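Just so we're aligned: the sequence shown equals residues 1 to 333 in my numbering.
Each residue gets a CB set at the ideal place from its N, CA and C atoms; glycine is no exception.
Please read these numbers as outputs of a predicted model, since none were measured by experiment.
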Amino acid sequence: MKKLWAVLLVLALTGSAAFAKGGAAGKSSGGVTKGMDRKIVLGYSQSGAESEWRTACTNSVKAAAEEYNIELVFTDAQQKQENQLKAIRSFITRKVDIIAFTPVVSSGWEAVLQECKDAKIPVICVDRTIDGPDTLFTAFIGSDFKKEGVMSADWLVAYMEKIGRGSKDPLNVVELQGTVGAAAATDRQIGFMEVLAKYPNYKVIKTQTGNFTRAEGKQVMEAFLKSDGDQIDVLFAHNDDMAIGAIQAIEEYGRKPGEDIIIVSIDAVKGAFEAMMAGTLNASIECNPLLGPPVMETAVKILKGESVPKKVYSVDNTFDQSNAAAAFPTRKY
Ligand code: GYE
1 MKKLWAVLLV LALTGSAAFA KGGAAGKSSG GVTKGMDRKI VLGYSQSGAE
51 SEWRTACTNS VKAAAEEYNI ELVFTDAQQK QENQLKAIRS FITRKVDIIA
101 FTPVVSSGWE AVLQECKDAK IPVICVDRTI DGPDTLFTAF IGSDFKKEGV
151 MSADWLVAYM EKIGRGSKDP LNVVELQGTV GAAAATDRQI GFMEVLAKYP
201 NYKVIKTQTG NFTRAEGKQV MEAFLKSDGD QIDVLFAHND DMAIGAIQAI
251 EEYGRKPGED IIIVSIDAVK GAFEAMMAGT LNASIECNPL LGPPVMETAV
301 KILKGESVPK KVYSVDNTFD QSNAAAAFPT RKY
């Protein structure tokens, strides 16, 4: 009888120990955040779920929060600033330890960020920048969008030269812009135009937003083709998804994407690599969406009172049909 009790006791103890261990490693249950003596809560306002890039970014944020044992309060603003304002205010009410957000547009954040400041909740801007003084946030982590625009145009000019079409006058360019007012759209356009200004034969004949989505990219390209179909030499799309939508429109119209119309876009997601390998997309400028780990690391440092750099930019590369196939197996998004 005594033996039986002993066995039961051991079972009960090991069982509860195992349970406790499982709990500590679990998502929002107990334990402490990696590198801290307590578990922290991070409110994250994602801008939307508009593209392959955004999905990769969201997945990275969620995985990194789990890895750091940070309690993540995740919200998706569906590309609407009003939803983000509401989310951030709800984080303040909830007294989260820290807030991270991807501003869907760059303007209109002063009031809410001042409220975060008054509540002593630090803010990390992720991926997209905001207008106004740098004092409104603690840190920024993302890519240099203007540079991506410059890289797109540099690639284009060199490629047109290489295929012997560089001096055609006019060289008609159409542009699919990202979400109006988003830093990723504004700055990519600025960078692209800065380079094209040096080549007067390049003419941007049409520019319109496709909201960073495949469906709108296709729709807008259809409209471009309807009005200027046979005159279009080049498409610059602010992201891969819109380029992929446009490729469909070009094929349906009866011209060859990647040959009749040279296409450069930004992100370098897997879909773009597939299109480059299929010959329908010419180039994609990389924009790294794997921002979860640096965001969590920065959050921990800030909450420990350590100093962090104000702005950290990702290092982005250029991919085109000459190096896409070799790079494809190593791509993580
Ligand atoms: O290029 C696009 C996404 O802000 C860098 O947003 C990001 C952009 C990215 O929808 O695909």
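query	result
Expressed to the nearest angstrom, what Euclidean distance is found between the alpha-carbon atoms of Phe273 and Ile250?	18 Å
Given a cut-off of 8 Å, decide if Ile232 and Asn172 are closer than it, judged by their beta-carbon atoms.	yes
Of all the options Thr58, Lys270, Ala100 and Asp260, which has the alpha carbon lying nearest to the alpha carbon of Tyr333?	Lys270
With DSSP as the reference, please indicate the residues paired to Gly254 in a beta bridge.	Note: Gly254 sits in no beta bridge, so no partner.
Is the stretch 158-169 close to the stretch 132-148, with three or more CB pairs under 8 Å?	no
Please identify the residue among Lys62, Asn83 and Gln79 whose C-alpha is closest to the C-alpha of Val73.	Lys62
Where are the alpha helix (DSSP H) runs, 4 residues long or more, that stay fully inside the stretch 291-320, in chain order?	292-303
Excluding the 5 residues preceding and the 5 following Thr58 in the sequence, name in chain order all residues of the same chain whose CB lies nearer than 6 Å to its CB.	Gln46
Which residue wins for smallest C-alpha separation from Leu291, given the options Ser284, Glu306, Tyr313 and Thr280?	Tyr313
Would the C-beta of Ala184 count as close to the ligand GYE, meaning under 7 Å from any of its heavy atoms?	yes
So for Cys125, helix, strand or coil by DSSP?	strand
Cβ of Glu175 within 7 Å of any heavy atom in the ligand COA?	Because the ligand COA does not appear in the structure shown, any question about it cannot be addressed here, the ligands present being the ligand GYE.
Measuring CA to CA, which of Gly108, Ile266, Ala275 and Asp260 is closest to Arg54?	Ile266
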